[in-house]
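Heads up: the structure comes next, in structure tokens.
Residue numbers (the working numbering): 477 to 591.
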């Protein structure tokens, strides 16, 4: 805004160009590397899904591309581990058991029958 007010259009174009370069660098290099480290999704796959979803669904596709990819990757990994490798689903369900008997119900029943 301040550059536009100065009236120097060369500086305005340079600021716009710098903004575009920073955005392109962040979108195509930084974000895919973060996705690779934190979500374990290959950077090439992240870029490809953003391009495909953007072409198919436009702006909405750009917004939902990476979350859809993450959900899809989790489902695929879960199915692979369970069906092919047989690792998921072997764990027993967690059941909470009391460490000592709870007698609250018996006390109320005994108090009710004593009347």
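Glycine is no exception: its CB is placed at the ideal position from the N, C-alpha and C atoms.
Determine the DSSP secondary structure at residue i, reduced to helix, strand or coil.
i, result
"residue 561", "coil"
"residue 534", "coil"
Could you tell me the distance, in whole angstroms, from the CA atom of residue i to the CA atom of residue j?
i, j, result
"residue 537", "residue 484", "37 Å"
"residue 509", "residue 555", "25 Å"
"residue 524", "residue 514", "18 Å"
"residue 502", "residue 493", "14 Å"
"residue 552", "residue 559", "10 Å"
"residue 481", "residue 549", "48 Å"
"residue 542", "residue 561", "27 Å"
"residue 534", "residue 500", "18 Å"
If you compare alpha carbons, which of the options is closest to residue i?
i, options, result
"residue 520", "504, 561 and 530", "504"
"residue 511", "496, 545, 557 and 498", "545"
"residue 517", "547, 494, 492 and 501", "547"
Leaving aside the five residues before and after residue i along the sequence, list all residues of the same chain whose C-beta is less than 8 Å from its C-beta, in chain order.
i, result
"residue 531", "537"
"residue 539", "none"
"residue 497", "none"
Below 6 Å CB to CB, which residues in the same chain sit around residue i once its five sequence neighbours on both sides are set aside?
i, result
"residue 479", "487, 488 and 491"
"residue 526", "541"
"residue 522", "508 and 511"
"residue 529", "537 and 541"
Checklist line | Entirely enclosed alpha helix (DSSP H) segments - the segment 482-528, minimum 4 residues | finding: 485-501 and 507-514
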